[in-house]
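Visitor:
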Amino acid sequence: MKTQNIKTQLLQLCNQSLETRLQSVLAVIEDIKQSLQSETKSSAGDKHETGRAMLQLEREKAGHQLAEIEKTKQILSKINTESTYKKIGLGSVVYTTTSNYFISISAGELIVEDDMFYAISANTPIGQLLLGKSVDDVINFRNLEFKITKVL
Numbered sequence: 001m002k003t004q005n006i007k008t009q010l011l012q013l014c015n016q017s018l019e020t021r022l023q024s025v026l027a028v029i030e031d032i033k034q035s036l037q038s039e040t041k042s043s044a045g046d047k048h049e050t051g052r053a054m055l056q057l058e059r060e061k062a063g064h065q066l067a068e069i070e071k072t073k074q075i076l077s078k079i080n081t082e083s084t085y086k087k088i089g090l091g092s093v094v095y096t097t098t099s100n101y102f103i104s105i106s107a108g109e110l111i112v113e114d115d116m117f118y119a120i121s122a123n124t125p126i127g128q129l130l131l132g133k134s135v136d137d138v139i140n141f142r143n144l145e146f147k148i149t150k151v152l
């Protein structure tokens with residue numbers, strides 16, 4: 001198992017997860033656009049205006065999600081799969097006595113070469129605890145104690 005290979009695969013899986021979220025948000029935006037264009041003024045004018053206002057709110061919400069995805073893409077672009085770390089930081093692959101983590105973005109469970117990793121953001125509570133730590137450090141999280149066994 002090569003270090004760069006694991007990191008590269010984890011990074012690809014994170015990018016795929018992000019791309020899926022992006023496509024979903026773009027589909028919602030397109031649906032809203034279609035709904036706004038097809039919305040016709042009826043005799044119940046207030047109902048029409050309320051419907052348009054709700055669609056505008058949905059479009060605004062989708063716009064915020066789109067901006068969030070762009071920020072997340074920037075975080076992923078900063079990860080160098082060639083680097084290895086002594087101390088945990090962005091892009092680190094962390095093995096512990098209980099779970100494995102990829103410090104990147106919140107993308108849930110990822111499986112690489114039959115090992116399960118949790119892709120977590122450095123801003124999550126567990127991410128904050130792990131940052132700056134190194135091999136043999138012990139972490140206490142939610143009444144669970146675990147030891148860092150390997151950092152890539």
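At the far end of the sequence shown sits residue 152, using UniProt numbering, and the numbering has no gaps. Here a beta-carbon is modelled for each residue, glycine too, at the ideal position from N, C-alpha and C.
#1: Starting from the Cα of Ser134, find the closest Cα among Asn140, Ile120, Leu152, Tyr118 and give me that residue.
#2: Taking all protein chains shown into account, decide if Ile79 is buried (16 or more other Cβ within 10 angstroms of its Cβ) or exposed.
#3: In chain order, what residues of the same chain have a beta carbon less than 7 Å from the beta carbon of residue 153, not counting five sequence neighbours either side?
#4: I need the straight-line Cα distance from Glu19 to Ile69, nearest angstrom please.
#5: Tell me the start and end of each unbroken beta strand (DSSP E) in the stretch 30 to 118 that is at least 3 residues and wholly inside, in chain order.
#6: Report the rounded CA-to-CA distance for Leu26 versus Val138, giving the unit in angstroms.
#7: Looking at the strands, I want to know which residues DSSP matches up with Glu145.
Guide: Looking at the coordinates:
#1: The option with the nearest alpha carbon to Ser134 is Leu152.
#2: buried
#3: One cannot answer for residue 153 here, as it falls past the ends of the chain, which runs 1 to 152.
#4: 9 Å
#5: 93 to 96, 100 to 104, 108 to 112
#6: Distance between the alpha carbons of Leu26 and Val138 is about 43 Å.
#7: Asn140
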